[in-house]
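Under my numbering, think of the first position of the sequence shown as 12, with each following residue one higher.
Virtual Cβ for every residue (Gly too), placed ideally from N, Cα, C.
One structure below.
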Amino acid sequence: MQATTYLAGDLGGTKTLLAIYSDQNGKLKQEHVQRYVSAEWTSLDSMLKHFLQTRPDTNGTPQTSCFAVAGPVKNRAAELTNLGWRISQESLQQSAGLERVELVNDFAVLIYGLPHFSDSQQITLQAGSGLDSEGSQAEQGPVAILGAGTGLGMARGLPSKTGLIALPSEGGHREFAPRCNDEWALVQWLKRDLSLERISVERVVSGTGLGHVMNWMLQQAENATHPLQEKAKAWRYNTPDQPGYHDLPASTCQYAQAGDRIANAAMTLWLSAYGAAAGDLALQELCTGGLWIGGGTAEKNQDGLKSMPFLTALRQKGRFQPFLEGLTVRAVIDPGAGLFSAACRARELAESSGTLT
Numbered sequence: 012m013q014a015t016t017y018l019a020g021d022l023g024g025t026k027t028l029l030a031i032y033s034d035q036n037g038k039l040k041q042e043h044v045q046r047y048v049s050a051e052w053t054s055l056d057s058m059l060k061h062f063l064q065t066r067p068d069t070n071g072t073p074q075t076s077c078f079a080v081a082g083p084v085k086n087r088a089a090e091l092t093n094l095g096w097r098i099s100q101e102s103l104q105q106s107a108g109l110e111r112v113e114l115v116n117d118f119a120v121l122i123y124g125l126p127h128f129s130d131s132q133q134i135t136l137q138a139g140s141g142l143d144s145e146g147s148q149a150e151q152g153p154v155a156i157l158g159a160g161t162g163l164g165m166a167r168g169l170p171s172k173t174g175l176i177a178l179p180s181e182g183g184h185r186e187f188a189p190r191c192n193d194e195w196a197l198v199q200w201l202k203r204d205l206s207l208e209r210i211s212v213e214r215v216v217s218g219t220g221l222g223h224v225m226n227w228m229l230q231q232a233e234n235a236t237h238p239l240q241e242k243a244k245a246w247r248y249n250t251p252d253q254p255g256y257h258d259l260p261a262s263t264c265q266y267a268q269a270g271d272r273i274a275n276a277a278m279t280l281w282l283s284a285y286g287a288a289a290g291d292l293a294l295q296e297l298c299t300g301g302l303w304i305g306g307g308t309a310e311k312n313q314d315g316l317k318s319m320p321f322l323t324a325l326r327q328k329g330r331f332q333p334f335l336e337g338l339t340v341r342a343v344i345d346p347g348a349g350l351f352s353a354a355c356r357a358r359e360l361a362e363s364s365g366t367l368t
């Protein structure tokens, strides 16, 4: 008997991943994946038709699907404005001949993968008191995840009889609250440099935010001869699609690993702010089921997420420090976690709709 298959997608402005997963004794296995350059297609419908028509015959025909979308989902539809795509669940259902389709924000979708991530997909930053003797989560309470990438994603998950219910969040846009003189000075500089009246958390706690932190440090007179000065200007005045662009956040990490004093100071400030934001989210959601760190920077900064600047700031929340010290904290380190999580959701949809055979 052929295994039940599911269709999963991870849709972005630059690239789109489409994949077929099968259920092998309760575990999802990726059978086929195709990477598309998003801008080369006029719509997701046409891309999806191509994918289904060219997939290997041995993969079976999926009936349920979940697509992670880089943007908000409203009324069962989403827009990728830089592509001119408007995506709706009904349209995809009809064009691809699927029984059930769901669109989910590409960060919130990670909630569906959390209970199913293997040890190769995540690492434990703090075991806390939430794990049983086998390393599994002892209490099935609310969960939360945040992740620094280009911006700062946040989401929460509420337990139900059929699994976790994913709730997206725009918490990364809340006000950044400085905790020390350096953070205060950074905020004042950012307001002037970016011509802003307020600074959100993601202006600091994100990959872009790390660039801002390093750039701020390089503006100080004693750092005028630092070797990253010219590269910082290239990052500051160019976008990633321009030839003069330089990846300052990546260079900051590299210089810090090589022992550079200024880059190390930038990383320490950034990791501390990141940890503080993680602790704030844990208190806000009271996520007794665990806290996860995701986003594009997690895999590259595993040592930083295990460091004292991050963990101390996460825990230092006054009377609630004991709660945070007992919290299980993990980091998602699999670059394909979004696609896998979409497959997890597709399987849930099949089980709940009765299409699972």
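Could you pull the DSSP bridge partners for residue i from this structure?
i	result
P179	A166
T75	R111
Y47	T27
G174	S171
L39	D34
V80	L22, N116
K85	A88
Under 8 Å between the Cβ atoms of residue i and residue j?
i	j	result
E42	R356	no
Y17	R341	no
L59	S106	yes
L175	L229	no
S49	G24	yes
G152	C298	yes
T339	G301	yes
L354	Y32	The sequence as given places Ala at residue 354; Leu does not occur at that position. A contact, by the Cβ cut-off of 8 Å.
A177	A293	no
E101	Q74	no
V224	V215	yes
S363	T173	yes
D115	V84	One point to set straight first is that residue 115 is Val, not Asp, in the sequence displayed. Result yes, Cβ atoms of V115 and V84 sit closer than 8 Å.
G82	A89	yes
L316	A324	no
Y266	A274	yes
A119	P170	no
S262	L239	yes
G220	W246	no
A348	Q132	yes
D117	A159	no
If I follow the unbroken alpha helix (DSSP H) through residue i, where does it start and stop?
i	result
T323	319-326
Q313	313-316
L207	It is not in any alpha helix (DSSP H) - L207 carries neither H nor E in the DSSP assignment.
D21	Premise fails: D21 lies in the beta strand (DSSP E), 16-22, not in any alpha helix (DSSP H).
I273	272-296
A243	240-248
V224	218-229
A260	One detail in the question is off: residue 260 reads as Pro in this sequence, not Ala. Here the alpha helix (DSSP H) through P260 covers 259-268.
E336	332-336
Determine the extent of the beta strand (DSSP E) in which residue i is found, giving its start and end residues.
i	result
H7	This structure gives no information on residue 7, because the portion of the chain shown stretches from 12 to 368.
W52	W52 -> no beta strand (DSSP E), and no H or E assigned at all.
T32	Contrary to the premise, residue 32 reads as Tyr rather than Thr in this sequence. Counting along the chain, the beta strand (DSSP E) containing Y32 begins and ends at 26-35.
A159	154-159
R185	First-last for R185: undefined, no H or E at that position.
G305	302-305
E90	88-91
A342	340-343
S140	Segment: none, S140 is in no beta strand (DSSP E) and carries neither H nor E.
R97	96-99
Drop a sphere of 10 angstroms on the beta-carbon of residue i, count the other beta-carbons inside from all chains shown, and report buried for 16 or more, exposed for fewer.
i	result
I344	buried
R190	exposed
W369	Since the displayed the chain opens at 12 and closes at 368, residue 369 lies outside it and no answer follows.
E233	exposed
G218	buried
L22	buried
Y248	exposed
R209	exposed
T65	exposed
L350	buried
Q199	exposed
A243	buried
- prompt: With a cut-off of 8 Å, do at least 3 Cβ pairs link the segment 183-190 to the segment 155-173?
  reply: A contact exists between the segment 183-190 and the segment 155-173.
field: At least three beta-carbon pairs within less than 8 Å, the segment 277-287 to the segment 315-322
entry: The segment 277-287, when compared against the segment 315-322, does touch it at the 8 Å Cβ threshold.
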